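First to last, the protein sequences are chains A and B. When you read off a place in the first sequence, starting at 1, and then add 27, the result is the number in the numbering used here. When you read off a place in the second sequence, starting at 1, and then add 27, the result is the number in the numbering used here. The C-beta atom is built at its ideal place from N, Cα and C for all residues, glycine as well. Predicted, not measured: the structure shown is a model, and the values here were computed from it.
There are 2 protein chains.
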Amino acid sequence: MQIYLIRHGIAADRNAQTTDAERPLTEKGRKKTQGVAQRLATLGVRFDALLTSPLVRAKQTAAILQQTGLAARYELFTPLAPGGDIHLWVNWYQLQTYNAIALVGHQPDLGQWGEQLVWGDHRANADRLILKKAGMIGVKLNPNGNPLGNGELFLLTSPKWFLAN
Amino acid sequence: MQIYLIRHGIAADRNAQTTDAERPLTEKGRKKTQGVAQRLATLGVRFDALLTSPLVRAKQTAAILQQTGLAARYELFTPLAPGGDIHLWVNWYQLQTYNAIALVGHQPDLGQWGEQLVWGDHRANADRLILKKAGMIGVKLNPNGNPLGNGELFLLTSPKWFLAN
């Protein structure tokens, strides 16, 4: 059971017309995200479920992953919005029997969730996992017992390391 | 200040003629290691210091990294042999002013050292970082204070994710 925590791509700055929730991916953000999605597809990755924060920049990231063939569909999932509580989606997760799922969301939440899955808690006042935009964290979860504190980290990468060029 | 903990490539099995310390890289191990080294070079990585466990499979891995232009030379460093104590090389490290260093060694030591750099300790009886052969862990170290427990993980990858094809 593998979980991929994927950060949204580079988004446009806030302006007078858009709220934070409405900020779209920039052209560069879209391109890098497409590159990452293509690499995942080439490597044979496929998500049984693809859930995303409802914010536009995350939703657009999930749409790119879906359009690249990594998942049949994507679904909005409010616990992935900024400041979401890990227990809200872990409760959902425990009802599933998937092999691989992807959650698209935001920092610092994703990095803290990664720490919680692997080490059971996260450092106060300090992020221990550097997660860049369109980067990802891969955690292998133990199918038995509490998902928190029983995971094994198998991947942490930014697009820089992941993209072929 | 970045530290790369690099695991040796795939090595031949032990046989009647070779001790564990003498096991060389296989042809596949050599090829994958060369691919990883080439990718690092393409990405502009350069090590100010490249230290290796004295075991043959590690030394050959370090030689490939050096030959690819990632470092001017490599040096044998006995604290990197299997079962080495992190404090032995951290004491050395604290005397250096390098921007990027690479340590070539073995599991489970490298994964445990990565955990110690980032979280201060490592889980007893369980490895939390999955580090495959010719894979690597990248940690950004805080130049001030104790290197243990103050690092930030920026990379954890196996060759599978890192190589372009």
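Buried or exposed for residue i, please, with buried defined as at least 16 other CB atoms from any protein chain shown within 10 angstroms of its CB.
i, result
"proline 186/B", "buried"
"histidine 35/B", "buried"
"leucine 130/A", "buried"
"threonine 1/A", "The requested residue 1/A does not occur in the structure, where chain A is confined to residues 28 to 192."
"leucine 52/B", "buried"
"glutamate 142/B", "buried"
"tyrosine 31/B", "buried"
Check the DSSP bridge columns for residue i and list the partner residues they point to.
i, result
"leucine 156/A", "Leu180/B"
"lysine 167/B", "Gln29/B and Glu179/B"
"leucine 103/A", "Thr79/A"
"glycine 162/A", "Beta-bridge pairing links glycine 162/A to no other residue."
"glycine 132/A", "Arg34/A"
Report the three-state DSSP secondary structure of residue i (helix, strand or coil).
i, result
"glutamine 121/A", "coil"
"arginine 34/A", "strand"
"alanine 127/B", "strand"
"glycine 111/B", "coil"
"threonine 79/A", "strand"
"leucine 92/A", "helix"
"aspartate 40/B", "coil"
"arginine 150/A", "coil"
"alanine 85/B", "helix"
"alanine 48/B", "helix"
At what residues does the alpha helix (DSSP H) containing residue i begin and finish?
i, result
"valine 145/B", "136–146"
"threonine 60/A", "54–69"
"proline 186/A", "186–189"
Which residues in chain A sit within 8 Å of residue i, going by Cβ to Cβ distance?
i, result
"leucine 183/B", "Leu180, Phe181, Leu182, Leu183 and Thr184"
"phenylalanine 104/B", "Simply none; closest approach about 25 Å."
"valine 117/B", "Result: empty, since nearest Cβ-Cβ is about 18 Å, beyond 8 Å."
Could you work out which residues of chain C lie near residue i, taking near to mean beta carbons separated by less than 8 Å?
i, result
"arginine 34/A", "Of the chains in the structure shown, none is chain C; the protein chains are A and B."
Can you name the residues of chain B whose CB is closer than 8 Å to the CB of residue i?
i, result
"lysine 167/A", "Ile157"
"leucine 15/A", "With chain A represented from 28 up to 192, any question about residue 15/A goes unanswered, as that position is not in the structure."
Give the residues of chain B in contact with residue i, contact being defined as C-beta atoms less than 9 Å apart.
i, result
"phenylalanine 189/A", "Thr184, Trp188 and Phe189"
Going along chain B in order, which residues have a C-beta closer than 7 Å to the C-beta of residue i?
i, result
"proline 140/A", "Note that residue 140/A corresponds to tryptophan in the displayed sequence, not to proline. Result: empty, since nearest Cβ-Cβ is about 14 Å, beyond 7 Å."
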